[in-house]
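J.: Residue numbers (our numbering): 8 to 145. Beta carbons are placed, not taken as given, at the ideal position from N, Cα and C, and that holds for glycine. In this text the structure is predicted, and so the values were computed from the model without any measurement. The structure that follows is given in the form of structure tokens.
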């Protein structure tokens with residue numbers, strides 16, 4: 008059986024869930040919260056922090072801290088890839104199992120094609136990508 012999770016990528020916050028026993032269970036991040044700020048911060052060349060840790064860096068490192076909203080304004084940062092990878096890692100840690108595939112709900116401003124190349128980068132199958140409006144309709 009495949010281990011699947013759902014990831015909602017929001018311009019302000021993102022979340023992870025698992026469908027199990029006919030109900031949706033929210034998966035907390037590594038800090039214990041079910042909502043993760045959609046923020047990343049480059050601490051050093053090879054070190055990136057995500058979520059609340061990154062949000063705390065806004066005052067100290069404003070030039071190297073980016074929110075998903077910054078992505079839409081400036082359209083150039085690798086925020087989505089890093090954020091999704093972190094959410095997958097948090098789900099693996101919490102569930103204590105590998106994640107085989109994901110379903111992504113993405114902001115309406117995004118093109119679905121922007122996410123298609125993520126499978127190779129994340130080493131996980133993307134089962135479905137839907138935008139937030141379509142997800143609400145379901």
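1) Tell me the residue span of the alpha helix (DSSP H) that contains residue 100.
2) Give the DSSP bridge partners of residue 51, in chain order.
3) The alpha helix (DSSP H) that contains residue 59, what's its start and end?
4) Relative to the alpha-carbon of residue 2, which residue among 87, 43, 44 has its alpha-carbon at the smallest distance?
5) Measuring straight from C-alpha to C-alpha, what distance separates residue 126 and residue 132?
6) Compute the Euclidean distance between the alpha carbons of residue 144 and residue 111, then round it to the nearest angstrom.
7) So what does residue 67 bridge to, in DSSP terms?
8) Give me the DSSP bridge partner(s) of residue 111.
9) Verify the contact flag: residue 11, CB atom, against every heavy atom of the ligand ZN, threshold strictly below 6 Å.
10) How about residue 44 and residue 20: do their beta carbons lie closer than 7 Å?
T.: In this structure, then:
1) Counted from its first residue, the chain shown places residue 100 at position 93. Residue range 86-102 is occupied by the alpha helix (DSSP H) that includes residue 100.
2) Counting from one through the chain shown, the residue named residue 51 turns up at place 44. For residue 51, which the question treats as bridged, DSSP gives the partners 54.
3) Translated into positions along the chain shown, residue 59 becomes position 52. Start and end: 59-63.
4) Because residue 2 is not part of the residues shown, which for the chain are 8 to 145, the question remains open.
5) Translated into the one-based positions of the chain shown, residue 126 becomes position 119. Translated into the one-based positions of the chain shown, residue 132 becomes position 125. Residue 126 and residue 132 have their alpha carbons spaced roughly 5 Å apart.
6) To locate residue 144, count along the chain shown from 1; it is residue 137. To locate residue 111, count along the chain shown from 1; it is residue 104. If you draw a straight line from the Cα of residue 144 to the Cα of residue 111, it is about 15 Å long.
7) The sequence position of residue 67 within the chain shown is 60, counting from 1. According to DSSP, residue 67 bridges with nothing at all.
8) The residue given as residue 111 occupies position 104 in the chain shown. 14, 136.
9) With respect to the ligand ZN, the structure shown offers nothing to examine, as it has no ligands at all.
10) Residue numbering aside, residue 44 sits at position 37 when the chain shown is read from its first letter. Residue numbering aside, residue 20 sits at position 13 when the chain shown is read from its first letter. Less than 7 Å divides the Cβ of residue 44 from the Cβ of residue 20.
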